[in-house]
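For the sequence shown, position 75 matches number 75 in UniProt numbering, and the numbering has no gaps at all. Positions of the beta carbon are idealized from the N, C-alpha and C atoms, including for glycine. See below for the structure under consideration.
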Amino acid sequence: MMLTHADAIGVRELADKIRKIPNWPEKGILFHDITPVLQSPQYFRLLVDLLVYRYMGQKIDVVAGLDARGFIIGAALAYQLNVGFVPIRKKGKLPFKTVSQSYSLEYGEAVVEIHTDAVQSGSRVLLVDDLVATGGTMLAGVELIRKLGAEVVEASAILEFTDLPGGKKIRDAGVSLFTLCQNEGCM
Numbered sequence: 001m002m003l004t005h006a007d008a009i010g011v012r013e014l015a016d017k018i019r020k021i022p023n024w025p026e027k028g029i030l031f032h033d034i035t036p037v038l039q040s041p042q043y044f045r046l047l048v049d050l051l052v053y054r055y056m057g058q059k060i061d062v063v064a065g066l067d068a069r070g071f072i073i074g075a076a077l078a079y080q081l082n083v084g085f086v087p088i089r090k091k092g093k094l095p096f097k098t099v100s101q102s103y104s105l106e107y108g109e110a111v112v113e114i115h116t117d118a119v120q121s122g123s124r125v126l127l128v129d130d131l132v133a134t135g136g137t138m139l140a141g142v143e144l145i146r147k148l149g150a151e152v153v154e155a156s157a158i159l160e161f162t163d164l165p166g167g168k169k170i171r172d173a174g175v176s177l178f179t180l181c182q183n184e185g186c187m
């Protein structure tokens, strides 16, 4: 995707809207909160439009969003791309038959699940979340989609921390990763 100069300025401003909260959810973690981006019609639209522009020419069957901020971005993106949306949720939140995948977080362990009928074998899936740090959540999403026989076309997020191993792990798993921003800087 080629950004115009105006788009690049907007992306940098979008990154500046991400609020940093020290020591949350536990001491030593600097949490990056995208809520201010979502609260701003201008920046939420910019975020969705940039992603739509990237993926509108690709054959995507469904967008899968990771719990919970990936739901917000992913659902808006799926709507604009005119494809279905699938939530990948924390364990115990989905009402139908599920497959699950455990993973490590910066501050513990967790499990995510997807409905067994969420994607069809051979489907082309775009996986979306807000950021990539250690890569655990994104990789768990990739594994769930693959367990159902579908293909992850790309993993996408607003922000990647390149000083952490997540992006490399995702790429090493054979998945293309697109992020608008890396560390605190953007395109």
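Query	Result
Nearest to residue 63 (by Cα), restricted to the options 181, 151, 107	151
Which residues DSSP lists as bridging residue 131, in chain order	159
CA-to-CA distance, residue 158 to residue 182, given in whole angstroms	8 Å
As assigned by DSSP and simplified to three states, the class of residue 26	coil
Given residue 154 as reference, the closest of 147, 164, 148, 141 once Cα atoms are compared	141
Stretch pair the region 118 to 126 + the region 61 to 80: three plus CB contacts closer than 8 Å	yes
Exposure of residue 96, with buried meaning 16 or more beta-carbon neighbours within 10 Å	exposed
Residue 17 (DSSP reduced to helix, strand or coil)	helix
contact_flag[the region 95 to 115, the region 34 to 42] where n(CB pairs < 8 Å) is 3 or more	no
Residues sharing a beta bridge with residue 96, DSSP	Answer by DSSP bridge pairing: none, since residue 96 is not bridged.
Best match in 47, 86, 50 for proximity to residue 67 [C-alpha to C-alpha]	86
Residue 46 versus residue 128 - alpha carbon distance	16 Å
Three or more C-beta pairs below 8 Å linking the region 166 to 183 and the region 70 to 83	no
Simplified DSSP state of residue 137, which is helix, strand or coil	helix
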